[in-house]
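*Asks:*
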Amino acid sequence: MLHSKGPLLSVDLGTRTASEAEIDGVLESFVGGRGVGTKLAHDRIPFDADPLGPENRLVFATGPLQTSQMSFTGRTSVTGLSPLTNGLLSSNAGGFVSRHLADTGYSAIELAGASDDLVAVHVRDDGVEVEPVPDLAGATVPEVDTAMAERHDIGMDQLVVVGPAGENRVRFAALMTSETRAFGRGGLGAVLGAKNVKCVSFAGNSRPEIEIDAVQAEVHRDAATSDSIMKEQGTTSVTDLANELGALPTKYFERLQFDGAEGINGDAVARKKYKKGTCSQCAFACKLPTRDEDSGLETEGPEYETVMAFGSNPMIDDVVSVMKSNKLCDDLGMDTISCGDVVSAYLAAEGEFGNSDLVHELIEKIAHREGVGDLLAEGVHRAHEELGVEDWSVKGMEFSAHDGRKLNGQGLGFATSNRGADHMYSTFYAYEYPLVDGDFAFPPEGLEGKPAKLVEQENKRALEDCGVLCRFSRSIMTDERFERLFDADFDSLLAVGGRVVELERRFNNERGFDRSDDRLPYDLPGFEAALDAYYDVRGWNQDGTVPDATGSTAD
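Just so you know, we're using our numbering here: the sequence shown kicks off at 1184 and counts up by one.
#1: Compare the C-beta of residue 1688 with all C-beta atoms of chain C and state if any pair is closer than 7 Å.
#2: With respect to 6 Å, is the separation between the Cβ of residue 1558 and the closest non-hydrogen atom of the ligand MN below this value?
#3: Does the region 1429-1441 come close enough to the region 1579-1591 to have 3 or more Cβ pairs within less than 8 Å?
#4: Under 7 Å Cβ to Cβ from residue 1387, same chain only, skipping five residues before and after it: list those, please.
#5: Determine whether the beta carbon atoms of residue 1604 and residue 1597 lie at a separation below 7 Å.
#6: By Cβ distance, which residues of its chain are closer than 6 Å to residue 1198, with the 5 residues on each side in sequence left out?
#7: Tell me, to the nearest whole angstrom, how far the beta carbon of residue 1293 is from that of residue 1193; I am working on the premise that it is less than 8 Å.
#8: Can you find the residues in the same chain that come closer than 7 Å, C-beta to C-beta, to residue 1186, ignoring five residues on each side of it along the sequence?
#9: From this set, 1667, 1479, 1350 and 1711, which residue's C-alpha is nearest residue 1394's C-alpha?
#10: Over the uninterrupted beta strand (DSSP E) stretch that includes residue 1271, give me the two end residues.
#11: Identify whether residue 1733 lies in helix, strand or coil by the three-state DSSP scheme.
#12: How many angstroms separate the CA atom of residue 1458 from the CA atom of residue 1698?
#13: Can you tell me which of the three DSSP states residue 1292 falls into?
#14: Along the alpha helix (DSSP H) that carries residue 1186, what are the first and last residues, could you check?
#15: Answer with buried or exposed for residue 1226, where buried requires no fewer than 16 other C-beta atoms within 10 angstroms of its C-beta.
#16: Measure from the alpha carbon of residue 1565 to the alpha carbon of each residue in 1236, 1296, 1618 and 1266, then state which is nearest.
#17: Give the single residue among 1361, 1350, 1511 and 1693 whose Cα lies nearest to the Cα of residue 1332.
#18: Find the nearest neighbour of residue 1471 within the set 1511, 1464, 1413 and 1422, judged by alpha-carbon distance.
#19: Taking the continuous beta strand (DSSP E) assigned at residue 1481, which residues delimit it?
#20: Going straight from the alpha carbon of residue 1694 to that of residue 1341, what length do you get?
#21: From the DSSP output, in three-state form, read off residue 1333 for me.
#22: I need the boundaries of the beta strand (DSSP E) containing residue 1359, first residue and last residue.
#23: If we ignore side chains and look at the alpha-carbon of each, how far apart do residue 1735 and residue 1528 end up?
#24: Beta carbon of residue 1317, beta carbon of residue 1301: below 7 Å?
#25: Can you look up residue 1320 in the DSSP assignment and give me helix, strand or coil?
#26: Excluding five sequence neighbours on each side, which residues of the same chain lie with their C-beta closer than 8 Å to the C-beta of residue 1206?
#27: Could you spell out where the beta strand (DSSP E) holding residue 1311 opens and where it closes?
#28: Can you give me the Cβ contacts of residue 1335 inside the same chain, cut-off strictly under 8 Å, excluding the 5 residues immediately before and after it?
#29: Could you give the distance in angstroms between the alpha-carbon of residue 1375 and the alpha-carbon of residue 1367?
#30: Across the region 1395-1407 and the region 1462-1471, are there enough close Cβ pairs to call them in contact, namely three or more that are closer than 8 Å?
#31: Using the C-alpha atoms, what's the distance from residue 1269 back to residue 1232?
#32: Considering only residues of the same chain and omitting the five flanking positions on each side of residue 1320, which have a CB-CB separation below 6 Å?
#33: Taking Cβ positions, are residue 1592 and residue 1615 nearer each other than 7 Å?
#34: Any idea what DSSP makes of residue 1738, helix, strand or coil?
#35: Go to residue 1200, then tell me how far its beta strand (DSSP E) extends in each direction, as first and last residue.
#36: Would you mind sorting residue 1712 into buried or exposed? The rule is 16 or more other CB atoms within 10 Å of its CB.
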């Protein structure tokens, strides 16, 4: 089976020392990316670790496909203990940093401990440098990128950066790369900030040689010739479909349709797009560099999730306002989904829906933990009681935009996801809009027949994250192409994904997670029976634990 090559590099930030270890067995079993990061984190982070303490670790990992020239492979994975969900979590981002990480020659790079002073960590194939950067305290992401370019000729595509939100331990702070690409969900930016690391850079000339099947050329060709609407509108192309179906969260989840959707939909975003954008080696080019000529505002996006979080959910129908919110989150280093949802919760509490100026003010306050921003920086789950609003989260993670009250299989997927209410964990929504061929689609309402498909989807998404392969390859990456790329039959590949999902669940079980955490803030007919069926397909206990995990109960 195809897998990454290269040792693990461990950097102890407290002692400022580095060491290498061979992890061939881990690579052979878990391929790379999320799989390798999950296995290393599971074995090396104490089960009772504080997510913001020095005992937590961050594992940066590439997959074998980052040594190729294939489209959809410009991604990097990071794994650690989430300060938002309190569980093990992997996040990945596009952009260009993946090839630079591969150039170091390491399959995974682990940051352990914490520095006493604010530092930049420079990882090269000939050594590690820990550079004090006290002058960058409070710097935005673009300011850090500029400083590293001026001081060391390090480009933004080589960097992973935290903004003020990460330094201030905002629980949904993001890691940023290429200035606008985010390791968004789960707050791993706060973990790096708590370690007193402002940025990490990667460089070298030691990319491992990995033989990859010639099918990569077919995938690259199909990416280049695809006429997908995503090339013009990105994920905002689904906005009108979601709104018409009644799956677009609106007015802090009170409604499922937004009368002002026309002002923030795919057409509205496409009118602001001024050039093409892509990730490393990718011919699909689905990114959205946008500009508002009147104000001079430039950003990348917004994508559909941000359109929900800063558009329909706070009841704002102005795409320029959403663009500004998007840019503020990128510059300050925050997940747009969680930030937009918690801002919408505050607007609900104060009766201020539609107030764009207040939204932008709150984004700044959250990043710096100023005034009410200190409360909102804790996220919806921790803030909702004081705000007097409903807790729209799962496992502490705020909901993304494909609403499970209409797309019931996605609702079940939000509940079972080890990282909470994240649509990318299973992408089940694609089968319910549907965005797939009708022969494979499911009706949006009801849960019959969906648990087994959900398990398959979670496993396939985990496999992609081991690769590390973009979600948007789904129309091009057939099962047969997976088999050729990874040199294994598809069932064996899905089993790798299943081991990753189970390892995440086992770690979280050790931290006290069980069936009571696989819940939703709304009722779905047949939900409990579907959850039973999901556990049966997984071979887990009916209390939501993995057999033999400490504290689990046998059936």
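For every residue, glycine included, the Cβ atom is placed at its ideal position computed from N, Cα and C.
*Replies:* Taking the structure as given:
#1: The structure shown has no chain C; it contains just one protein chain.
#2: No copy of the ligand MN occurs in the structure displayed, which carries no ligand at all.
#3: Counting Cβ pairs under 8 Å, three or more are found: they touch.
#4: Excluding sequence neighbours, residue 1387 sits near 1286, 1287, 1288, 1307 and 1308.
#5: Yes, the Cβ-Cβ distance between residue 1604 and residue 1597 is below 7 Å.
#6: When the five nearest sequence neighbours on each side are left out, no beta carbon in the same chain lies closer than 6 Å to the beta carbon of residue 1198.
#7: About 5 Å; that satisfies the 8 Å criterion.
#8: Contacts found: 1210, 1211, 1214, 1215 and 1247.
#9: Residue 1667 is the option with its Cα nearest to residue 1394.
#10: Segment 1271-1276, the beta strand (DSSP E) holding residue 1271.
#11: Unreliable placement is indicated for residue 1733, whose pLDDT of 47 sits below 50; the coordinate value is still reported in the next sentence. Per DSSP, reduced to three states, the secondary structure at residue 1733 is coil, with no helix or strand assignment.
#12: Rounded to the nearest whole angstrom, the CA to CA distance from residue 1458 to residue 1698 is 47 Å.
#13: Taken through DSSP and simplified to helix, strand or coil, residue 1292 comes out as strand.
#14: That residue, residue 1186, is in no alpha helix (DSSP H); it is neither H nor E in DSSP.
#15: Taking all protein chains in view, the Cβ of residue 1226 is surrounded by fewer than 16 other Cβ atoms within 10 Å, so the residue is classified as exposed.
#16: Residue 1266 is the option with its Cα nearest to residue 1565.
#17: Checking every option, the nearest Cα to that of residue 1332 belongs to 1361.
#18: Per the Cα distances, 1413.
#19: Here the beta strand (DSSP E) through residue 1481 covers 1481-1483.
#20: Rounded to the nearest angstrom, the gap between the Cα atoms of residue 1694 and residue 1341 is 34 Å.
#21: Residue state, collapsed to three classes: helix.
#22: Unbroken beta strand (DSSP E) run through residue 1359: 1358-1360.
#23: Bear in mind that a pLDDT of 37 at residue 1735, under 50, signals an unreliable position, so the number given afterwards is only what the model happens to contain. Cα to Cα, residue 1735 sits roughly 35 Å from residue 1528.
#24: Yes. Within cutoff.
#25: Of the three classes helix, strand and coil, the one that applies to residue 1320 here is coil, per DSSP.
#26: Closer than 8 Å at Cβ, skipping near neighbours: 1190, 1191, 1219, 1223, 1290 and 1291.
#27: Residues 1310-1315.
#28: A distance below 8 Å between beta-carbons, with the five flanking residues on each side excluded, links residue 1335 to the following residues of its chain, in chain order: 1305 and 1384.
#29: Cα to Cα, the separation comes out at about 13 Å.
#30: Flag = yes, the region 1395-1407 and the region 1462-1471 touch.
#31: If you take the alpha carbons of residue 1232 and residue 1269, they lie about 9 Å apart.
#32: Excluding residues within five positions, the ones whose Cβ falls inside 6 Å are 1301.
#33: Yes, the pair counts as a contact, with Cβ atoms nearer than the cut-off.
#34: Low confidence applies to residue 1738: its pLDDT is 29, below 50, so where it sits in the model is not reliable enough to give any reading.
#35: Counting along the chain, the beta strand (DSSP E) containing residue 1200 begins and ends at 1200-1204.
#36: When all chains shown are included, residue 1712 counts as exposed.
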